[in-house]
Each structure stands twice: as structure tokens, then as C-alpha cells.
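In the working numbering, the protein residues as written are 31 to 123.
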């Protein structure tokens, strides 16, 4: 499965933990650049994780609109792995 992580300059151990959770293709976008506000969601992405404590309101609104249109699984969570892991398990449910 592939995942797009949006937010945060550095992900630390998150990519390794996502790999251990079964995500083989991990793409990261920091969300800092102005061009990221008009981010196109790639078709091959299975899941989108938005780190809410590291993105602007404009980027958040754009992501919500685009994910509604695409129907992609989207998780809005804080950057801590415990929050990400909990959100991933709740959504698999």
C-alpha cells in the first residue's frame, strides 16, 4: 500500500513505523511551500495522513476538498506516532 504524509519538515521514525505497518511506498510533502496549497493527490496513493499540527489552514481546506472528490482514505492526526497508530487502527476497524 502507498501513503502520502502531508506536514512536518522531518518525519523522524514515522517512515520506518509505516513500513512496519505494511505501507511500502511512502511519499512526504512538508506543506511549507506556497505551491503545496494546490497539491494534486497522486492516483496511486491508497491513504493520506495529514499531520494537523504542521499544515496551514489553506492547505487543510484544499486537502479536505480534494480527498472528498477522490474518495481516498484520509487521516487527520497529530505528528506523534501514538496518534498516527491509533488513527490508522480506528480507520481499519
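Here a beta-carbon is modelled for each residue, glycine too, at the ideal position from N, C-alpha and C.
Just mark residue 42 as buried or exposed, buried being the case when its beta carbon has 16 or more other beta carbons within 10 Å.
-> Here residue 42 refers to the residue found at position 12 of the chain shown. Exposed is the call here.
When the Cα of residue 39 is compared with those of 49, 63 and 31, which residue comes out closest?
-> Translated into positions along the chain shown, residue 39 becomes position 9. Residue 39 has its Cα closest to that of 63, out of 49, 63 and 31.
Which whole runs of the alpha helix (DSSP H) in the region 44-113 are 4 residues long or more, in chain order?
-> 44-50 and 87-100
DSSP bridge partner residues for residue 32 (one or two, in chain order) = Here residue 32 refers to the residue found at position 2 of the chain shown. Residue 32 pairs with 55.
Beta-carbon proximity list for residue 60, same chain, < 6 Å, skipping 5 on both sides | Indexing the chain shown from 1 puts residue 60 at position 30. Correct list, in chain order: 39.
Could you tell me which of 71, 99 and 54 sits nearest to residue 36, measuring between CA atoms?
-> Here residue 36 is taken as the residue at index 6 of the chain shown, counted from 1. Per the Cα distances, 71.
So, using beta-carbon positions, are residue 80 and residue 105 closer together than 8 Å?
-> Working through the chain shown from its first residue, we reach residue 80 at position 50. Working through the chain shown from its first residue, we reach residue 105 at position 75. It is a contact, given that the beta carbons lie within the stated cut-off.
Is DSSP giving residue 118 helix, strand or coil here?
-> For the purposes of this step, residue 118 is identified with residue 88 of the chain shown, where counting begins at 1. Note: residue 118 maps to helix in three-state DSSP.
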